[in-house]
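Some notes on the structure that comes next.
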Amino acid sequence: MINIALAKGRLAKEGYEIFKTLGYDVPAMEEKSRKLIFEDLEKGIRYILVKPADVPVYVEKGAADLGIVGKDTLLEEDRDLYELLDLGFGQCRFSVAALKDTKVDFNQSPLRVGTKYPKVSKSFFLKKGIPVDIIELQGSVELAPIIGLSDVIVDIVETGNTLIENGLEVLEDIAPLSARLIANKVSFKTKNGQMEELIEKVQAYLEEQKEE
Amino acid sequence: MEYFKSQVPRGSKYEYYTYFEPKEIITSQLKDLFHQYGYRQIAVPTFEYFELFKESKGLLENSAMLKFIDPAGDILVLRPDCTIPISKMVANAESEPYHLRLSYVSNVFRGNSLHESSATEFTQGGIEYFGDDSPDGDAEVISMAIKSLLVSGFEEFQIDLSNINFFKHSLEEAKLSGDEEEEYKNLILSKNFTALKAFLISLKEKKRETPIPDSIIRLLEAMPTLYGRPEKVLSKVASFGLDPDHFQHLTRLMKVYEILSEYGFEQYLYFDLSLINHFDYYDGVLFQGYLKGHGKVIVQGGRYDPLTEAFGRKIPSVGFGINLDEVIQAMKTFNQKIESPYYTDYLVLYEDAQRKEAYEVAESIRRKGFVVEMNPKGDLKKQIQGAHTKNIKEILVYNDQRLELINLVADDVVKVYKNTFIRSLDDKKRDLATVSIH
Chain A
-11 MINIALAKGR
-1 LAKEGYEIFK
9 TLGYDVPAME
19 EKSRKLIFED
29 LEKGIRYILV
39 KPADVPVYVE
49 KGAADLGIVG
59 KDTLLEEDRD
69 LYELLDLGFG
79 QCRFSVAALK
89 DTKVDFNQSP
99 LRVGTKYPKV
109 SKSFFLKKGI
119 PVDIIELQGS
129 VELAPIIGLS
139 DVIVDIVETG
149 NTLIENGLEV
159 LEDIAPLSAR
169 LIANKVSFKT
179 KNGQMEELIE
189 KVQAYLEEQK
199 EE
Chain B
191 MEYFKSQVPR
201 GSKYEYYTYF
211 EPKEIITSQL
221 KDLFHQYGYR
231 QIAVPTFEYF
241 ELFKESKGLL
251 ENSAMLKFID
261 PAGDILVLRP
271 DCTIPISKMV
281 ANAESEPYHL
291 RLSYVSNVFR
301 GNSLHESSAT
311 EFTQGGIEYF
321 GDDSPDGDAE
331 VISMAIKSLL
341 VSGFEEFQID
351 LSNINFFKHS
361 LEEAKLSGDE
371 EEEYKNLILS
381 KNFTALKAFL
391 ISLKEKKRET
401 PIPDSIIRLL
411 EAMPTLYGRP
421 EKVLSKVASF
431 GLDPDHFQHL
441 TRLMKVYEIL
451 SEYGFEQYLY
461 FDLSLINHFD
471 YYDGVLFQGY
481 LKGHGKVIVQ
491 GGRYDPLTEA
501 FGRKIPSVGF
511 GINLDEVIQA
521 MKTFNQKIES
531 PYYTDYLVLY
541 EDAQRKEAYE
551 VAESIRRKGF
561 VVEMNPKGDL
571 KKQIQGAHTK
581 NIKEILVYND
591 QRLELINLVA
601 DDVVKVYKNT
611 FIRSLDDKKR
621 DLATVSIH
């Protein structure tokens, strides 16, 4: 039995679509329901729907053998696991943004950074040698510079429309992001046969996609 | 609510007998095993200088150690590891050790993984073998790791072997900068194939004094796939046309594998040449053991000659550690029954006036090797309820010469003479001994 943790939402949907194409479908997944566990004993597969930030936790601890989760979550959670494949979908990027047409004084110390991703922000500015005061927020991060809560924000940017609508602009990109297939380090080895087959199928599928 | 009355500090735990006794059983089985192979028991200090562990780079995040300051102003830590202090002890010993075999079972305090920022207290058992730099020494320690898993009751497990020098040699051939090495190691640790490819392309494009040979680039790229059955891995590596100096590390590893096969352990063994360890002191064979279906490393070890050298005397050293709390967790994962093998055979109840005689009866039963508890009689119904929850098999109610024997398993009551009863214990003892030893 292979347990796969999926980050609830779009990533779960698109990730499941790949598995479905490869013959690992569990029809109950496609019905509207509040269930969080879906399994097919014959195919030896079980999907677990969890919050994105919990996917790396499930996989690191071995509660799930595989997981599909955004690179953003992986960077922020920084867990001990294998990051096997870039699945290509869910593309966006981590960026630093500030109010448009306002010069940010990077010499001011510390720089106030509003973000949902304190670890990523901290290590980014640490590498740049800029002292920061991280202001951890749960949502609507774009508000922070407008209200004067922070000088810049670090957030996920997909199209950039949200930023523009709020009068912000990207100053610098930190890292490109997309969905990743991750694996528990021990399962990867001890469930080798079954896992290898699945991973190879996904890999072949991705290469096919690329060629098309 | 005052939190300290019910909460515990992060990383500490109370071990009730339902948890502690099974762990103790495994501990004593391990100690017996170590003893049978000539490993002498030692203990190292619970706290030591922070510098001792800080100096061993790569061991631990500083934040994963529990630090405190003694009245003299020195920073101390609760031991995050036993190997380092044992090496210190052996390196400082008066005479050069000759095939010195040491073992320990101690609690250590550290983050369980590199990513844990707070320390956890857990029990670690292990051996350290000094003064033998042969492949036989490596094989002995690995065989002990396998035996440890076997005596703990596991059968489905695997041990991954590598020679860290093969990995180190590959990096030296590539002549990477410190930062590049660090990045490469992280990519290997996370088997991040996508980023690895991009990283190697950037390496190739970067201008450097001596370009990295193509075969080495290919080897660096293949590294995370170099695992599996030894023959398979070896034939994969053979295709890279490495020079003999580089390949010798695998010859050594193969030798260790051959010895372990002679001992009959080949079914457990796999090679993983990308196996690297956060502990910086390893130099030579390196191994990790996992149970199938349990997502955590249970045993790990390897050769670490440079550690004793750092303490002033280079002594060949190889060892391993097993995390006993992880063993208990794994048993839970497999729904293996974790029951304490201890129980009380008899509960003797007495009235005030017969305390002395009851005590004598209890003592004679104990002398026969049974476990006896004694309570003032009080409410018999309550006593029976209590005995049930504690899994006590029989209650003896003391009434002069005649004993009332309440069998809680068969649910019956008989009256017997004291002497007859005590004599009957010999037979019972014999019966038990043939069925099981508890």
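In order, the protein sequence lines correspond to chains A and B.
For reference, each letter of the first sequence is one residue, going -11 to 200 in our numbering.
For reference, each letter of the second sequence is one residue, going 191 to 628 in our numbering.
Just so you know, even glycine gets a beta-carbon here, dropped at the ideal spot from N, CA and C.
Which chain A residues sit within Cβ distance under 7 Å of residue i?
{"i": "B:Thr310", "result": "Chain A residues near B:Thr310: none, gap ~14 Å exceeds 7 Å."}
{"i": "B:Tyr480", "result": "Val174, Lys177 and Thr178"}
According to the neighbour-count rule (16 or more other Cβ atoms, all chains shown, within 10 Å of its Cβ), is residue i buried or exposed?
{"i": "B:Lys484", "result": "At residue 484 of chain B the sequence reads His, which differs from the Lys that was named. Under this definition B:His484 is a buried residue."}
{"i": "A:Phe7", "result": "buried"}
{"i": "B:Glu205", "result": "exposed"}
{"i": "A:Ile152", "result": "exposed"}
{"i": "B:Glu330", "result": "buried"}
{"i": "B:Tyr532", "result": "exposed"}
{"i": "B:Ile317", "result": "buried"}
{"i": "B:Gly491", "result": "buried"}
{"i": "B:Ser614", "result": "exposed"}
{"i": "B:Thr579", "result": "exposed"}
{"i": "B:Tyr193", "result": "exposed"}
{"i": "B:Pro434", "result": "exposed"}
{"i": "A:Tyr35", "result": "buried"}
{"i": "B:Asp617", "result": "exposed"}
{"i": "B:Asp621", "result": "exposed"}
{"i": "B:Val517", "result": "buried"}
{"i": "B:Asp271", "result": "buried"}
{"i": "A:Arg67", "result": "buried"}
{"i": "B:Phe461", "result": "buried"}
{"i": "B:Ile259", "result": "exposed"}
{"i": "B:Val603", "result": "exposed"}
{"i": "B:His289", "result": "exposed"}
{"i": "A:Ser21", "result": "exposed"}
{"i": "B:Met521", "result": "buried"}
{"i": "B:Glu284", "result": "exposed"}
{"i": "B:Ala233", "result": "exposed"}
{"i": "A:Leu(-1)", "result": "buried"}
For a contact defined as C-beta to C-beta under 9 Å, what are the partners of residue i on chain A?
{"i": "B:Val561", "result": "Neighbours of B:Val561 on chain A: none; closest Cβ ~38 Å, over 9 Å."}
{"i": "B:His484", "result": "Gly50, Val174 and Thr178"}
For residue i, return the contacting residues in chain A, with the cut-off set at a CB-CB distance below 8 Å.
{"i": "B:Phe383", "result": "Leu72 and Leu73"}
{"i": "B:Val475", "result": "What B:Val475 touches in chain A: nothing, since even the nearest Cβ is about 18 Å away."}
{"i": "B:His225", "result": "Correct list: empty, because the minimum Cβ distance to chain A is about 30 Å."}
Can you name the residues of chain B whose CB is closer than 8 Å to the CB of residue i?
{"i": "A:Leu69", "result": "Ser380"}
Touch test, the segment 317 to 330 of chain B against the segment 381 to 394 of chain B, Cβ-Cβ under 8 Å, three pairs minimum: These segments do not touch.
Given 8 Å, three or more beta-carbon pairs between the segment 283 to 299 of chain B and the segment 336 to 347 of chain B: The segment 283 to 299 of chain B makes no contact with the segment 336 to 347 of chain B; the number of CB pairs closer than 8 Å stays below 3.
Members of the segment 330 to 363 of chain B near chain A, C-beta cut-off 7 Å: Gln348 and Asp350
The segment 93 to 101 of chain A touching the segment 183 to 190 of chain A, judged by at least three CB pairs closer than 8 Å: Not touching, per the Cβ criterion.
Residues of the segment 45 to 60 of chain A with Cβ closer than 7 Å to any Cβ of chain B, in chain order: Cβ contacts with chain B: Lys49 and Gly50.
The segment 166 to 180 of chain A contacting the segment 64 to 76 of chain A, beta-carbon criterion three pairs below 8 Å: yes
Chain A contacts made by the segment 487 to 499 of chain B, where a contact means CB separation under 8 Å: Val487
Inter-stretch contact at 8 Å, needing at least 3 Cβ pairs: the segment 125 to 138 of chain A / the segment 31 to 51 of chain A: Result no; under three Cβ-Cβ pairs closer than 8 Å.
Touch test, the segment 427 to 439 of chain B against the segment 375 to 390 of chain B, Cβ-Cβ under 8 Å, three pairs minimum: No, the segment 427 to 439 of chain B is not in contact with the segment 375 to 390 of chain B.
Every unbroken alpha helix (DSSP H) inside the segment 193 to 234 of chain B [4 residues or more]: 207 to 226
In chain order, each alpha helix (DSSP H) run of at least 4 residues that lies wholly inside the segment 402 to 442 of chain B: Listed in chain order, the alpha helix (DSSP H) elements of length 4 or more contained wholly in the segment 402 to 442 of chain B are 404 to 412 and 420 to 428.
Segment contact, 8 Å Cβ cut-off, at least three pairs: the segment 15 to 33 of chain A with the segment 138 to 146 of chain A: no
Every unbroken alpha helix (DSSP H) inside the segment 498 to 583 of chain B [4 residues or more]: When DSSP assignments are scanned along the segment 498 to 583 of chain B, the uninterrupted stretches of alpha helix (DSSP H) that are 4 or more residues long and fall wholly within it turn out to be 514 to 523, 545 to 557 and 570 to 579.
Touching by the beta-carbon criterion (3+ pairs, under 8 Å), the segment 80 to 88 of chain A and the segment 174 to 183 of chain A: no
Alpha helix (DSSP H) segments (min. 4 residues) lying fully within the segment 59 to 129 of chain A: 59 to 65 and 106 to 116
Any 3 or more C-beta pairs closer than 8 Å across the segment 271 to 283 of chain B and the segment 491 to 508 of chain B: In short, these stretches touch, since the Cβ pair count reaches three.
Cβ contact check for the segment 536 to 550 of chain B and the segment 565 to 572 of chain B: 3 or more pairs under 8 Å: yes
The segment -11 to 7 of chain A in contact with the segment 50 to 60 of chain A per 3-pair CB rule at 8 Å: yes
Every unbroken beta strand (DSSP E) inside the segment 471 to 498 of chain B [3 residues or more]: 475 to 481 and 484 to 493
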